[in-house]
Amino acid sequence: MLARVAWAALPVFLIALVAVAAEPHDPALVPNIFKPDSTPADHIYGVALFVLTVTGAIFVAVFSLLVYAIVRYRAKPEDDSHEPAQVYGSNQIELAWTVIPVLIVVMLFLATARVIAQIQDAPPPPGTINVTAVGHQFWWEFRYPDLGIVTANELHVPVSEPAESTPTFLKLLSADTDHSFWVPRLAGKTDLIPNHPNSTWIDPHHTGLYLGQCAQYCGTQHGLMLLRVYVDSREDFKAWANAQAAPALVTSTDSNSEAGYGRKVFETTSCINCHAVKGTVADGRFGPDLTHLMSRKTLASGAADNTPEKLKQWIKDPDSIKPGSLMPAMRLTEKDLNALTAYLLTLR
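All residue numbers for the sequence shown refer to my numbering, where the first residue is -9 and numbers rise by one.
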């Protein structure tokens, strides 16, 4: 049994060594569990190192014994028998290979259970930021119920300083099928199950951008269901929250301006069935809220940069950016497409 544990641990052990040794050009943008920057990730990192140490020691011990046995008891020309001396009915050996693996498994179980309890039973302190994260095929919706904010794909949270902890607690919901919220440097993988609310929390120690991913296969574009977590200073987060809570810039439906005509196109097509823009008749819930679309860095849940060219391409032919996405091609005329793009560019 120890030999099986040792060989099973070898791939994980080698991957861990490669991950620790690798020095990426921008470490902050690499979703590496071995560079934690949040309390839940710290706990997971600690237990991961413990498990790797134990399984690594088992591998070294078993591999060393195998090498010793191969060298020490190899066949020699002068040997009369091809079999070593056989041992039958050794209570000591039976006891050793039963008790030792059981003790190792119990030890690993207790260490893991302790970390799970520390993460799942953590009480939210005063000043906690509450976010409801909803997984859709194939994008993320983030709602801040206490702040009146709805956004998509890019989660903004304040930094949690040692002197004043400001964690972010996330309620995880699914709008369709199974998804999984995973930002490796901030917290462990947590599943989003339809009709079964789940939760997780993060308290990032440093400002910056942290990348994540849906870690549960959810359909054709699972691989491009990316997410970005922006950890802001307290002042920057407050400024961002105030800007997001405001209604969209009011654009007149005057057809003499391209953006005005674009708003008219937006409000008279099926766009409003899926999307919402605060302060307008658009109140859809199937697609991302577009009230402050241009404040985001990416489109299509991280599949493309949020530039005027990519935005126009996304409206015209979503499959060219994200094949299999549920965003339909609107089949607009070139005039209507340019006008709609101009209007969306005003939503900051």
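We put the CB at the ideal spot given by N, CA and C, even for glycine.
Host alpha helix (DSSP H) of residue i (start-end)
i           : result
residue 263 : 261 to 264
residue 225 : 224 to 235
residue 254 : 248 to 257
residue 333 : 324 to 334
residue 301 : 298 to 306
Which listed residue (the options) has its alpha carbon closest to that of residue i
i           : options            : result
residue 287 : 155, 216, 173      : 216
residue 124 : 307, 136, 160      : 160
residue 234 : 33, 145, 329       : 145
residue 281 : 116, 140, 92, 69   : 140
residue 224 : 115, 119, 82       : 119
residue 318 : 185, 252, 309, 62  : 309
residue 172 : 320, 143, 165, 305 : 143
residue 279 : 337, 226, 333, 97  : 337
residue 183 : 106, 68, 167, 175  : 167
residue 112 : 192, 164, 81, 295  : 192
residue 345 : 178, 187, 154, 97  : A question about residue 345 goes unanswered here, because the residues of the chain that appear run from -9 up to 338.
residue 221 : 176, 232, 238      : 176
residue 247 : 291, 179, 325, 38  : 325
residue 313 : 258, 260, 209      : 209
residue 35  : 102, 93, 77        : 102
residue 270 : 276, 277, 256      : 256
residue 211 : 138, 135, 164, 293 : 293
residue 136 : 231, 291, 290      : 231
residue 201 : 138, 218, 186, 323 : 218
residue 213 : 311, 298, 138      : 311
residue 238 : 268, 185, 58       : 268
residue 21  : 53, 178, 134, 46   : 178
residue 190 : 274, 327, 50, 107  : 107
residue 249 : 327, 58, 37        : 327
residue 41  : 296, 285, 100      : 100
Rounded distance between the beta-carbons of residue j and residue i, thought under 8 Å
i           : j           : result
residue 198 : residue 156 : Their Cβ separation, rounded to whole angstroms, is 16 Å, which puts residue 198 and residue 156 out of contact at 8 Å.
residue 127 : residue 283 : Contact doesn't hold; Cβ gap of about 20 Å is too wide.
residue 302 : residue 331 : 5 Å
residue 105 : residue 158 : No, residue 105 and residue 158 are not in contact; Cβ-Cβ is about 19 Å, not under 8 Å.
residue 23  : residue 194 : No, residue 23 and residue 194 are not in contact; Cβ-Cβ is about 15 Å, not under 8 Å.
residue 363 : residue 170 : This structure cannot settle anything about residue 363, because the visible part of the chain is limited to -9 through 338.
residue 129 : residue 291 : 4 Å
residue 163 : residue 180 : Between residue 180 and residue 163 the Cβ distance is about 12 Å, and since that is not below 8 Å, they are no contact.
residue 251 : residue 329 : 4 Å
residue 227 : residue 148 : 4 Å
residue 262 : residue 277 : So it is not a contact: roughly 10 Å between Cβ atoms.
Endpoints, the beta strand (DSSP E) within which residue i is located
i           : result
residue 189 : 188 to 192
residue 285 : It is not in any beta strand (DSSP E) - residue 285 carries neither H nor E in the DSSP assignment.
residue 125 : 119 to 126
residue 207 : Residue 207 -> no beta strand (DSSP E), and no H or E assigned at all.
residue 164 : 158 to 164
residue 133 : 129 to 134
residue 147 : 144 to 148
As assigned by DSSP and simplified to three states, the class of residue i
i           : result
residue 15  : Unreliable placement is indicated for residue 15, whose pLDDT of 48 sits below 50; the coordinate value is still reported in the next sentence. Three-state result, residue 15: coil.
residue 195 : coil
residue 77  : coil
residue 63  : coil
residue 53  : helix
residue 170 : strand
residue 84  : helix
residue 320 : coil
residue 183 : strand
residue 270 : coil
residue 294 : strand
residue 239 : coil
residue 202 : strand
residue 218 : strand
residue 23  : coil
residue 311 : coil
Residue i burial status per 10 Å Cβ neighbour count (16 or more: buried)
i           : result
residue 334 : buried
residue 203 : buried
residue 65  : exposed
residue 26  : buried
residue 151 : exposed
residue 265 : buried
residue 110 : exposed
residue 30  : buried
residue 87  : exposed
residue 68  : exposed
residue 131 : buried
residue 85  : exposed
residue 63  : exposed
residue 341 : Look at the range of the chain in this structure, -9 to 338, and you will see that residue 341 is not part of it.
residue -4  : Any reading at residue -4 is ruled out, since the residue's pLDDT is 46, under 50, leaving its predicted position unreliable.
residue 38  : buried
Chain B within 8 Å of residue i, Cβ atoms only
i           : result
residue 289 : Of the protein chains in the structure, only one exists, and it is not chain B.
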